[in-house]
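Residue numbers (the numbering used here), protein chains in the order written: chain A, 2 to 374; chain B, 13 to 472; chain C, 470 to 782.
First the structure, in the form of structure tokens, and then the observations on it.
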Amino acid sequence: MKKVELVQISKSYNHHTNVLENINVSIEPGEFFVLVGPSGCGKSTLLRMIAGLEDISQGKLFIGGHHANLLRPSQRGISFVFQNYALYPHLTVAENIVFGLQAQKVPKNERNKRCIEVADMLGLIPFLKRKPRELSGGQRQRVALARSIVSQAPICLMDEPLSNLDAKLRSHMRSEIKQIQRRLGLTMIYVTHDQVEAMTMGDRIMVLNEGKIQQIGDPLQIYNHPANAFVAQFIGSPPMNLIPATFNKQKQTIQIEYHHEILVPLHDVRNISNEDIIVGIRPEDIHLARNEPIHFQIEVVNVEVLGTETIISFKIKDQQWSMKWNGQWRIAIGDRIPISLDYQVLSIFDSKTGTALKNAKADTHYKINEVNL
Amino acid sequence: MKKVGYSIIILWFVLIMSACSEQTSKNELTKTNESSEDQRVGTKDGDKTKVVFWHSMGGKLQETLDSIVNKYNQSQNEYEIVAEYQGSYEEALTKLRSVGGTDDAPAIMQTFEVGTKYMIDSGFFEPIQTFIDKEDYEMDLLEENIINYYKVDGKFHSMPFNSSTPVLIYNKDAFTEVGLDENKAPRTYSEIKEAAKKLTSVNGNVTDRFGFSMLTYGWFFEQLLATQGGLYVDQNNGRSGDAENVLFNGEEGLRIFNLLNGMNQAGTFGNFGSNWDDIRAAFQSGKVAMYMDSSSGVRNAIENSPFEVGVGFIPHPDNMEPQGVVIGGASLWLSKGIDESIQDGAWNFMKYLQTPEIQAIWHVETGYFAITPAAYEEQLVKDEHSKYPQLKVTVDQLQSTKSQPATQGALISVFPESRQQVVTALENLYQGMAPQEALNQAARGTERAMEIANRTKNKE
Amino acid sequence: MKVVVDEEHKGQIPATINKLSFLSRTLNNRTALLYLLPSIVLFSVFVFYPMFKTVYLSFFLTDLQGRPAEFVGLENFQYLIQSESFHKSIKATLLFVLYTVPISIVTALFLAIIANEKLKGIGVFRTLFSSTMGMSVAASSVIWLFLFHPSIGAINRLLSIFNIQAIEWLVDPSWALISISITTIWMNTGFTFLILLGGLQNIDENLYESASIDGASFWYKMRRITIPMLSPTLFFIITITLINAFQTFGQVDILTKGGPAESTNLIVYSIYREAFINYQFGTASAQAIVLFFFILIVTILQFKFGEKRVFYQ
């Protein structure tokens, strides 16, 4: 169990533009830390810098309290799972698993013992003699995992390890990886572009965009209190609905389009200084208007009935929104439905910087949690 | 892969560029061909009859030949000679083999002396005796030795053209340096051996200068054989019938191999391979003091050597009267079965080449012999000989040659192959093979080739 | 078609049906044949015909014009078996293959590995290393002819600086084959390098990164990753280089003409000499057939024993 600290780390390939800027984070021993962000945000680069596969242009990296910038990858006490698994196609599963041990001249008996142990843990025993191309995607994934575990490195780095699997297998492997991490007490740094993986697996999440940290926090913190519009939209499925709006200080209302106005409570008026704002609302927070006085009349453009919930899409001001209702709803495309937007569940962001000015109240969620507890 | 792609593109550029430069040089080569419309035998085009002439005179020789051809073309209005360079004698022969007897064959073909028998046997050519008889052309004006070589069964098949003989070329300065008489070229084997021994200078285990060298080329062997009166093959050197047995591995041939072997073992013989340029460079840079060259290389040696150059007769065994040399070089052949006017043109041009004025130019500019002795009386030649007295030696050697089958030269159709066998024998000799064994190997190879040639000769 | 004609006697309609069905049945084959036609024609003219002609000629003696004149059965082959010169040819060829193939490939592999690094300006080196590919055999041979020149060649001058006795590269029979081999290796390098570099670049970079994390040394990576992953490329290039070595001609023709003492008289050169200097097409064809079987056997052996070690992805 080792701590990984990144201090003021930047990466630049051409001395002019930074692909990563000012990364500061401390990853605790035994923590499952997820780096999430859209493709090209620099998350893989950051992971490769921690592994020693890329140089660190600026800043310092500490692993287990030691300055690690110049250490070779093999000296950092890490294992690495690649997106494409990087299995040696000409070697059998067993040979793949012990490849690193062999390179380090671990005695044969020990090698075999550890190989069997790990293979057993991951259910690979029947496949030890096979070549990677004779395995299914999930099995290959497991071999990559086994190779990482067998090294007994205290820190495990994973670069989108599940992105090549189908959805069902992915969700299965999610929990399997999480369980192994917990059981072995590994410090895990896990890169993904999939917010579901980030939410379900991470103890903490770092959201990256365009080489900059957007937010670091535990999954619910990030979901409920997104630091900015980017995080708000990136985390959550379907994503948070966003729409530009104007805040009218005199009337103390938020105006969406021309005829929709939402009253802002007095204590919030002070917080909102801009006229141009972005209003965000999570799909699950949009309700069918029953007797509310203020409501929108929307026209349904798409309906997805998922069994326990129904996702209804509609258009507002040229933007497609979606809302998620519990239960199964029979709604036809083209139906007109009245909906209500409660001020409490609105998130408000600065339209220029994207910074959150107000987060949605999430009391109801906390209540449910408490009930469960 | 991107980088590799980039490299490939650059490579292509280089390739295309080099291809372009090749293209231009090829174009230059083919330019003369195109002017003749498909390299025909010749065509009657308006007033002038075109006569195609294939030759193997490259480099400076080609310039001289072209200027002579031009001169001829301007001297009359009936015929136009189209001279086309076809590579070495061997290469030209190879081309001829594929077009011989067809419309694409040239009207005049230049072929080296050892191709004589092959050319006769091929049947593609009209013996020029036909034309000689028709107008009682005087061939006796030509050099006797040359007549002896090219007259086969009392008949001229081709017109002699460029002729050369071997000579001994030596470094006069080196002779003086080691106390030898610079004006007396060694003539006998023991003189050669002795001089070579004196001339060789060794520094540690590096030989700075070898005493003697000879190009690894069958022609020199043939000459050293002929000067002893030794025959190359039976049937009077193939002149009284198709030769069947090789004679060059007899005592005369063995004397030559023993001489070379002795000097090689003594370290006084330098082996510079089978490339003319290499041995000439070795002589001119002082790495060898005596060597055998063609008479056509004499002037070049004198002009390019930073020391005085002497020329002597080729060596002969002790206590033996030297018989002289065999004429080397090439002759011109006239195609059979082509338009009579073209044949007339070809014949007319051949006669033009024999005139003393033309022979004088040819001799002075190329170093080949004037095949018409009258040319030596031309002022041009006299001036040249007073400037380069060494040239006179080559003429003397030729004119002192005694006419007999040995110096007439052998007639066999497989001469190129036989020469190759002799070259291999010489190389084996220098590598330590016993002289008789090396000679016998070459003889066996030659005999097999002759046997096959005789077996297949009349089975068409 | 005859069948169709016969069918017509049975009546108009069935015949038409049969005719149609015959045509339509063979439609696919006929289309396939049409597509194959150009290559069949080209192959027949430039490969099959010369091949059969070679076999045919090997049973004949040819006259001075190179026409088959006398049928002699296996005499040409018997002659080859006894011919010392041909034995020398075979020995020289085998030695030549032995000298050139391994060294060419190891050299090119070395260059490819160092050129596979991602460094600034590496493109220049890649271009340089592969540049010999763009040179014709003739041009490169002439360059080496100058380098090997006994008295004014660059190599001997260099040797003389270090006070080493000049070597008669092309004149000394014990050196000539080595000189030809050096030239050939130099000429092979460009193409071999390019192919191997391509092969190296196809190896997933992650494999090396993974091995680095595991602490594998350079040689360990070389042995366990590079060579096995490169094996299809290596196999291909070894086969090509082998066959090329057996068929070497240009550099021999320009540098040594098969000499001295037949020490560089490789089989193909010997064939050329026999056919185009001596006009013995029969013996030449017999040699060509022997060479064909040589290459065939070597290739079969290579596929049989070499291919086992090849890993195809």
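All residues carry an ideal CB built from backbone N, CA and C; glycine is no exception.
Buried versus exposed, by CB contacts within 10 Å (16 or more), residue i
i                 : result
His151 of chain A : Checking the displayed sequence, the identity of residue 151 of chain A turns out to be Val instead of His. When all chains shown are included, Val151 of chain A counts as buried.
Glu49 of chain B  : Any answer about Glu49 of chain B is weak, because its pLDDT of 41 lies below 50 and its placement is not dependable; what the coordinates show is given next. Exposed.
Lys299 of chain B : buried
Asn89 of chain B  : exposed
Ser37 of chain B  : Because the pLDDT at Ser37 of chain B is just 38, under 50, the model does not fix this residue reliably, and the value given afterwards should be weighed accordingly. Label assigned to Ser37 of chain B: exposed.
Asp683 of chain C : buried
Ser425 of chain B : buried
Glu46 of chain B  : With a pLDDT of 39 at Glu46 of chain B, under the threshold of 50, the predicted position of this residue should be treated as unreliable, and no value is reported.
Any chain C beta carbon closer than 8 Å to residue i
i                 : result
Val372 of chain A : Model confidence at Val372 of chain A stands at a pLDDT of 45, short of 50, so the residue's coordinates are unreliable; what they give is reported in the following sentence. Closer than 8 Å: no.
His91 of chain A  : yes
Thr212 of chain B : no
Gln102 of chain B : Correcting the residue type first, residue 102 of chain B is Glu in the shown sequence and not Gln. Yes, Glu102 of chain B counts as interfacial toward chain C.
Thr106 of chain B : yes
Leu71 of chain A  : no
Ser317 of chain B : no
Ala104 of chain A : yes
Gln247 of chain B : no
Gly285 of chain B : yes
Gln443 of chain B : yes
Ser80 of chain A  : yes
Same chain, Cβ closer than 7 Å to residue i, five either side skipped, listed in chain order
i                 : result
Tyr677 of chain C : Lys690, Ile694
Trp288 of chain B : Leu227
Ser573 of chain C : Ile654, Asn657, Thr658, Thr661, Thr710
Gln35 of chain B  : The pLDDT assigned to Gln35 of chain B is 37, lower than 50, so where the model puts this residue is not dependable, and the model offers no usable value.
Thr601 of chain C : Ser609, Trp655, Met656, Thr658, Gly659
Val640 of chain C : Pro619, Pro729
Tyr748 of chain C : Thr531, Leu533, Gly535
N- and C-terminal bounds of the alpha helix (DSSP H) containing residue i
i                 : result
Lys129 of chain B : 128 to 134
Val337 of chain B : That residue, Val337 of chain B, is in no alpha helix (DSSP H); it is neither H nor E in DSSP.
Ile509 of chain C : 496 to 512
Lys205 of chain B : 201 to 211
Thr708 of chain C : 696 to 715
Residue interval of the beta strand (DSSP E) (run including residue i)
i                 : result
Gln59 of chain A  : 59 to 64
Tyr781 of chain C : No beta strand (DSSP E) holds Tyr781 of chain C; DSSP gives it neither H nor E.
Asn174 of chain B : 171 to 176
Tyr91 of chain B  : 91 to 97
Val1 of chain A   : Nothing about residue 1 of chain A can be read from this structure; chain A reaches only from 2 to 374.
Gly253 of chain B : Run containing Gly253 of chain B: none; DSSP gives neither H nor E here.
Glu539 of chain C : 537 to 540
6 Å CB neighbourhood of residue i in its chain, flanking five on each side removed
i                 : result
Phe381 of chain B : Ser175
Pro339 of chain A : Ala290, His296, Gln298
Phe81 of chain A  : Ala52, Leu158
Glu637 of chain C : Pro619
Ile334 of chain A : Val301
Beta-carbon contacts of residue i that lie in its chain and below 8 Å, excluding the five residues immediately before and after
i                 : result
Asn585 of chain C : Leu666, Leu669, Gln670
Trp330 of chain A : Val304, Val306, Thr311, Ile313
Ile24 of chain A  : Leu7, Gln9, Ile10, Ser11, Leu47, Gly60, Ile214
C-beta neighbour in chain B for residue i, strict 8 Å
i                 : result
Ala581 of chain C : no
C-beta neighbour in chain A for residue i, strict 8 Å
i                 : result
Leu676 of chain C : yes
Asp683 of chain C : yes
Ser629 of chain C : no
Pro701 of chain C : no
If you pair each beta-carbon of the segment 384 to 391 of chain B with each one of the segment 180 to 188 of chain B, do three or more pairs fall below 8 Å?
no
Count the CB pairs spanning the segment 224 to 231 of chain B and the segment 296 to 306 of chain B that are closer than 8 Å, and state whether there are at least three.
yes
With a threshold of 8 Å, are at least 3 pairs of Cβ atoms found where one atom belongs to the segment 258 to 266 of chain B and the other to the segment 230 to 245 of chain B?
yes
Quick check: the segment 315 to 328 of chain A against the segment 352 to 360 of chain A, are there 3 or more CB pairs under 8 Å?
no
Would you be able to state if there are at least three C-beta pairs under 8 Å between the segment 346 to 361 of chain B and the segment 398 to 414 of chain B?
The answer is no - the segment 346 to 361 of chain B does not touch the segment 398 to 414 of chain B, with fewer than three Cβ pairs under 8 Å.
Would you say the segment 158 to 175 of chain A touches the segment 121 to 131 of chain A, given that touching needs at least three Cβ pairs under 8 Å?
no
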